[in-house]
């Protein structure tokens with residue numbers, strides 16, 4: 001491994017950590033401001049009605065979801081729509097951490113309430129954490145410049 005590769009790897013890892021933290025803070029702030037739409041179906045409805053207010057689309061999966069053909073078809077359609085109208089897209093792994101960040105259970109709770117579908121989350125015009133939105137948006141833009149149209153990050157357990 002060359003020095004450039006070592007330095008580049010460390011830099012990339014730090015960038016991913018920074019973007020991951022920024023995304024978590026952005027999601028919490030957007031949730032507080034009621035600027036999150038959670039769920040594949042709910043997200044598709046919102047993008048059909050009011051796509052101009054959507055500023056970020058988060059598609060979340062874990063390894064076990066990779067073989068879910070229906071989910072992958074939904075993701076493909078959502079990604080195409082987002083690319084068509086210039087909405088930043090971010091693929092995220094770490095569903096457990098995502099549920100923690102949003103304060104959502106991953107399984108049915110003791111009251112029999114079903115967990116929310118966290119596979120697709122839309123952020124709509126959050127006023128507060130605009131710096132975090134800029135940070136995530138910059139990462140998406142940098143990735144597109146490197147021909148990675150749907151960048152990925154991993155949310156780390158804490």
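In UniProt numbering, the protein residues as written are 1 to 158. All residues carry an ideal CB built from backbone N, CA and C; glycine is no exception. As the structure is a prediction and not an experimental result, all values here were calculated from the model.
Asked: From 18, 45, 156 and 41, residue whose alpha carbon lies closest to that of residue 101; Found: 156
Asked: Within-9 Å CB hit, residue 28 to chain D; Found: Going by chain labels, chain D is absent from the structure shown, which holds only one protein chain.
Asked: Neighbourhood of residue 45 by C-beta distance below 7 Å, restricted to the same chain and skipping five residues each side; Found: none
Asked: Selection from 16, 119 and 125 that minimises the alpha carbon distance to residue 50; Found: 125
Asked: Sequence-distant residues of its chain with Cβ nearer than 7 Å to residue 150 (five each side left out); Found: 79, 89 and 91
Asked: Per DSSP, the bridge partner or partners of residue 57; Found: 89 and 122
Asked: Residues near residue 22 in its chain [Cβ-Cβ closer than 7 Å; skip 5 each side]; Found: 132, 135 and 136
Asked: Beta-carbon gap between residue 121 and residue 38 smaller than 9 Å; Found: yes
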